[in-house]
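Just so we're aligned: 256 in the working numbering is position 269 of the sequence shown, and the numbers increase by one with no gaps anywhere. For each residue, glycine too, the CB sits at the ideal point set by N, CA and C. Since the structure comes first, as structure tokens, the remarks are kept for the end.
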Amino acid sequence: MALLTKIFSGQKVEKTPCWLMRQSGRYLPEYMELRSKASNFVDFCLTPHIATEATLLPFQRYDFDAAIIFSDILIIPHALGQDVSFITGKGPQLSRLSQPSDLQALTTKKLPDVVAPVFEAIAAVRSRLPHEKDLIGFAGSPWTVACYMLEGQTSKTFSNAKTFAFKYPEAFQELLQLLVQATSDYLIQQVDAGAQVIQLFDSWASSVPEAQFDSWVVHPTRQIVSSVKARHPGVPIIGFPRGVGPLYLEYVSGTGVDGVSLDSFLPLKWALENLPNNVVLQGALDPQILVVGGALMEQEVKRQLALVAGRPHIFNLGHGIVPETPPEHVETLLDLVKAGHEQ
Ligand code: 1CP
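Here is the structure:
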């Protein structure tokens, strides 16, 4: 059994498994070269042989314990009929939904055909990946995906998305429910195709007010977890409610996730004292420490491994690798995690 699935099955592991969010991305020159072959990022994600290659690229250099299928959380809005494009230097641009009536343009009709290449890539990666490595499938959580759909672009505050949610609560719930349905089906089919672990990214959960946290974040996530588990009871699901501080506890107990990805802002000691023992903790090196490397990184990796010792733990960052990361620091990090467990 590969290390991630082994940890989730409650067994002891011989070393702390490690994979990194955005492990295939702009910090790797070979990714930039592959990326230059497609002008359109959506096409890049939806071309099976390219997505397969992108997923496997980091394994030419590194001994990660898991691969994550190369795709993006905004494939779902694209498959629901929204215009989605990625502009270099600006990030994602979507035809913004600003009125409840704009939701009528969304449809699940074409979704199965549009996302089919993702399942093809998953099957191809699984057949090429060594059996001791897990393959992670993923999707964005409804709140975070809705943020982009309602904002039309990235934002520090997602104030247009929040205004829509407050002003039109019924239409907003309708959007969340459409995303719950589409995302559940999408993840079930990722597992059918060969994904062994699922991660749900709720990167903007931090912008949800406390009083709305249950209905905008916890409840829709619990619905997805229940639907996926109804079809695939054994598949581990990791949630990533980035930046929610003490609401991590409400998230973990309310959603039924098997693991939780910690961000770099949450005190590790708080997580260890407050989150249930049976939940697998993933994280949480600050990506900027990976950029700097050296003694700083060594100290911090050792500190985190010592603190988490005895708990089920997957080493990762607190958010994705940033483009300015020197690729050789990733190698050093993997060595440190490996050595840390042997001490
Ligand atoms: O031109 C390029 O190469 C585009 C850069 C890029 C990459 C490499 C984007 C655009 N997406 C991705 C891949 C990606 N996105 C993966 C691949 C698997 C991996 O190796 O981890 C994953 C898991 C994602 C998920 C994703 N996309 C999230 C959730 C995780 C997170 O970073 O918070 C989010 C918020 C997105 C939206 C998105 N897609 C791309 C960008 C630049 C962004 C973020 C924009 C923003 O800051 O709001």
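Among the options, nearest to residue i - alpha-carbon criterion
{"i": "G246", "options": "S193, H300, R209 and A271", "result": "H300"}
{"i": "I123", "options": "F31, Q183 and L44", "result": "Q183"}
{"i": "G127", "options": "L166, F151, E157 and Y49", "result": "L166"}
{"i": "F51", "options": "A293, S23, P4 and R13", "result": "P4"}
{"i": "L(-10)", "options": "Y18, Q10 and K120", "result": "K120"}
{"i": "R229", "options": "V204, R218, G243 and P223", "result": "V204"}
{"i": "F252", "options": "P207, F227 and M136", "result": "F227"}
{"i": "Q80", "options": "D70, S214, N264 and D89", "result": "D70"}
{"i": "A239", "options": "R218, S171, A217 and F200", "result": "The amino acid occupying residue 239 in the given sequence is Val; Ala does not appear at that position. Selected option, being the one with the closest Cα: F200."}
{"i": "S171", "options": "V215, S202 and Q186", "result": "V215"}
{"i": "M(-12)", "options": "S85, H118 and N265", "result": "H118"}
{"i": "M136", "options": "W6, S85, L43 and K143", "result": "S85"}
{"i": "T95", "options": "D250, Y173, I185 and I(-6)", "result": "Y173"}
{"i": "E197", "options": "G232, F151, H316 and A296", "result": "G232"}
{"i": "Q47", "options": "S26, A25, P16 and T75", "result": "P16"}
{"i": "S82", "options": "R209, K289, T141 and A25", "result": "T141"}
{"i": "L98", "options": "L234, A169, V0 and P314", "result": "A169"}
{"i": "V288", "options": "P223, I185 and V317", "result": "V317"}
{"i": "Q186", "options": "A296, F153, P223 and A133", "result": "P223"}
{"i": "K(-1)", "options": "L234, R9 and A296", "result": "A296"}
Where the alpha helix (DSSP H) containing residue i begins and where it ends
{"i": "P207", "result": "H206 to R218"}
{"i": "H300", "result": "Looking at the DSSP string, H300 is not in any alpha helix (DSSP H); the run it does join, the beta strand (DSSP E), is H300 to L304."}
{"i": "S114", "result": "L98 to R115"}
{"i": "D201", "result": "It is not in any alpha helix (DSSP H) - D201 carries neither H nor E in the DSSP assignment."}
{"i": "G178", "result": "The sequence shown places Val at residue 178, rather than the Gly named in the question. It spans P156 to A180 - the alpha helix (DSSP H) in which V178 sits, taken as one unbroken run."}
{"i": "S88", "result": "Looking at the DSSP string, S88 is not in any alpha helix (DSSP H), and its letter there is neither H nor E."}
{"i": "W257", "result": "L255 to N261"}
{"i": "G281", "result": "G281 to V295"}
{"i": "V331", "result": "This structure leaves residue 331 out entirely; the chain is present only between -12 and 330."}
{"i": "A25", "result": "Here A25 belongs to no alpha helix (DSSP H), and DSSP marks it neither H nor E."}
{"i": "I62", "result": "I62 to A66"}
{"i": "L43", "result": "P35 to L43"}
{"i": "F(-5)", "result": "L(-10) to F(-5)"}
Anticipated Cβ contact below 8 Å, residue i with residue j, distance rounded
{"i": "V278", "j": "E311", "result": "6 Å"}
{"i": "I62", "j": "F125", "result": "Not really, about 10 Å apart at Cβ, beyond 8 Å."}
{"i": "S58", "j": "A38", "result": "6 Å"}
{"i": "F145", "j": "F73", "result": "In fact, because the Cβ distance is near 18 Å, the residues do not count as touching under 8 Å."}
{"i": "G262", "j": "L236", "result": "Before going on, a small fix: residue 262 reads as Leu here, not Gly. Right, the Cβ-Cβ distance comes to about 6 Å (below 8 Å), so this counts as a contact."}
{"i": "G12", "j": "I308", "result": "6 Å"}
{"i": "G305", "j": "P274", "result": "7 Å"}
{"i": "Y155", "j": "P207", "result": "That pair is no contact at about 17 Å."}
{"i": "G327", "j": "L272", "result": "Not confirmed; about 12 Å, so no contact."}
{"i": "L283", "j": "K256", "result": "Not confirmed; about 20 Å, so no contact."}
{"i": "H332", "j": "V101", "result": "Outside the modelled stretch of the chain, which goes from -12 to 330, sits residue 332, for which no answer is possible."}
{"i": "I18", "j": "A41", "result": "Before going on, a small fix: residue 18 reads as Tyr here, not Ile. That pair is a contact at about 7 Å."}
{"i": "R298", "j": "N264", "result": "7 Å"}
Beta strand (DSSP E) segment containing residue i, residue limits
{"i": "D50", "result": "Looking at the DSSP string, D50 is not in any beta strand (DSSP E), and its letter there is neither H nor E."}
{"i": "R79", "result": "As written in the sequence, residue 79 is Pro, which differs from the Arg given in the question. Run containing P79: G78 to L81, per the beta strand (DSSP E) assignment."}
{"i": "D189", "result": "V184 to D189"}
{"i": "I74", "result": "V71 to I74"}
{"i": "V267", "result": "V267 to L272"}
{"i": "I56", "result": "Here I56 belongs to no beta strand (DSSP E), and DSSP marks it neither H nor E."}
{"i": "G124", "result": "D121 to G127"}
{"i": "P228", "result": "I224 to P228"}
{"i": "S248", "result": "G246 to S248"}
beta-carbon residue i near the ligand 1CP non-hydrogen atom, thresh 6 Å
{"i": "M8", "result": "yes"}
{"i": "S190", "result": "yes"}
{"i": "T170", "result": "no"}
{"i": "V73", "result": "Just to set this straight, residue 73 is Phe in the shown sequence, not Val. Indeed, a heavy atom of the ligand 1CP lies less than 6 Å from the Cβ."}
{"i": "D59", "result": "yes"}
{"i": "I55", "result": "yes"}
{"i": "T39", "result": "no"}
{"i": "R22", "result": "yes"}
{"i": "S11", "result": "yes"}
{"i": "T319", "result": "no"}
{"i": "T141", "result": "yes"}
{"i": "G226", "result": "no"}
7 Å Cβ cutoff met for residue i and residue j
{"i": "A148", "j": "E138", "result": "yes"}
{"i": "S193", "j": "T131", "result": "no"}
{"i": "A180", "j": "I109", "result": "yes"}
{"i": "G270", "j": "S248", "result": "yes"}
{"i": "E107", "j": "P45", "result": "no"}
{"i": "G243", "j": "V212", "result": "yes"}
{"i": "P129", "j": "L163", "result": "yes"}
{"i": "E285", "j": "L323", "result": "yes"}
{"i": "K77", "j": "K325", "result": "no"}
{"i": "Y14", "j": "L321", "result": "no"}
{"i": "A158", "j": "L90", "result": "yes"}
{"i": "V178", "j": "H219", "result": "yes"}
{"i": "L7", "j": "N303", "result": "yes"}
{"i": "I60", "j": "F188", "result": "yes"}
{"i": "P104", "j": "L43", "result": "no"}
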